[in-house]
Each structure stands twice: as C-alpha cells, then as structure tokens.
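Heads up: the structure comes next, in structure tokens.
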Amino acid sequence: MPGNYNFRWKYLTRSLQASWGKISRSHVDRIVDLVTRYLNFTFKSVLSVVTFRDKPWKNLKIALDKKVDDSHEDLDKLLQDEHGHPITYNHYYTDKIQKARQGKMPTSSP
Numbered sequence: 344m345p346g347n348y349n350f351r352w353k354y355l356t357r358s359l360q361a362s363w364g365k366i367s368r369s370h371v372d373r374i375v376d377l378v379t380r381y382l383n384f385t386f387k388s389v390l391s392v393v394t395f396r397d398k399p400w401k402n403l404k405i406a407l408d409k410k411v412d413d414s415h416e417d418l419d420k421l422l423q424d425e426h427g428h429p430i431t432y433n434h435y436y437t438d439k440i441q442k443a444r445q446g447k448m449p450t451s452s453p
C-alpha cells in the first residue's frame, strides 16, 4: 500500500509514545491479577474441598498463563509497530500523492 513518510509527525509522536509500553504492560498485568484473584476466589467458594479444587485450578491456570503469554506477545507486536515509521495511509491523501508523482495533478488557474 503506498504511503508517505512524515518526518515532522515522527518527532511529534515519539515523545508521546515513550510511556505507552510501560502503561500498557502495567494495564495487562493489573487485569491478569484481577482475573486470577477472581477465579481463585470463585474456585474456593464453589469447590470447598481442596482435592476437588486443585486439578481444575491447575488446568485453568495453565490455560490462563498461555493466554497471558499470548497477550504479551500481541502487545509487543503493537508496540513494535508504534516504534516504526509513521506513514500516512489516508486514501484521499494517498491518491493525491500518487497523482502528483505521476504528474496528473490538475493545475489551478487564477
């Protein structure tokens, strides 16, 4: 897809992006903690006998840990994209740039 790299936009957004990784990782960790505590509480409330509770909890914890790892991988991909070069993909803008590159822009007459 054709786009246009904008140097000014890079410098404007770079300072805003600096804390996104820390904020987003903190958010994911807080959500994981809340979900884990809720599920642990629910298992303890519903299954009062420890022997009945342990095996399902271990299976659920394994699945939850896998999803947490997947979410961290997805977050890393998003953050990697954010640290890349900002490219404009607005289709109106892109069409104008393509026409200008091909010399098809209409000239305005006074």
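If you're matching positions, the sequence shown starts at 344 in our numbering and goes up one per residue. C-beta atoms are modelled at their ideal positions from N, C-alpha and C, and glycine is treated no differently.
Next item on the list: Return the chain-ordered list of same chain residues with a C-beta closer than 7 Å to the C-beta of serine 414, the five sequence neighbours on each side being excluded.
Entry: Along the sequence shown, one-based indexing puts residue 414 at 71. Closer than 7 Å at Cβ, skipping near neighbours: Val371.
Check: Should the stretch 390-397 be regarded as contacting the stretch 433-440, the criterion being three or more beta carbon pairs within less than 8 Å?
Finding: no
Next item on the list: Report all residues from its chain with a CB closer than 7 Å to the CB of arginine 373; omit the five preceding and five following residues, and keep chain order.
Entry: For the purposes of this step, residue 373 is taken as the residue at position 30 of the sequence shown. Around arginine 373: no qualifying Cβ.
Next item on the list: With DSSP collapsed to three states, give me the class of serine 367.
Entry: The count along the sequence shown starts at 1 and reaches residue 367 at position 24. Three-state result, serine 367: helix.
Item checked: Between the CA atoms of glutamine 445 and threonine 437 - distance to the nearest angstrom -> Position 94 of the sequence shown, counted from the start, is the residue given in the question as residue 437. Position 102 of the sequence shown, counted from the start, is the residue given in the question as residue 445. Approximately 12 Å between the Cα atoms of the pair.
Notebook entry, point to check: Cα separation between isoleucine 405 and tyrosine 354?
Noted result: One-based indexing of the sequence shown puts residue 405 at position 62. One-based indexing of the sequence shown puts residue 354 at position 11. Those two C-alpha atoms are separated by around 42 Å.
Check: What's the C-alpha gap between serine 367 and leucine 418?
Finding: Against the sequence shown, residue 367 aligns to sequence position 24. Against the sequence shown, residue 418 aligns to sequence position 75. Rounded to the nearest angstrom, the two C-alpha atoms are 8 Å apart.
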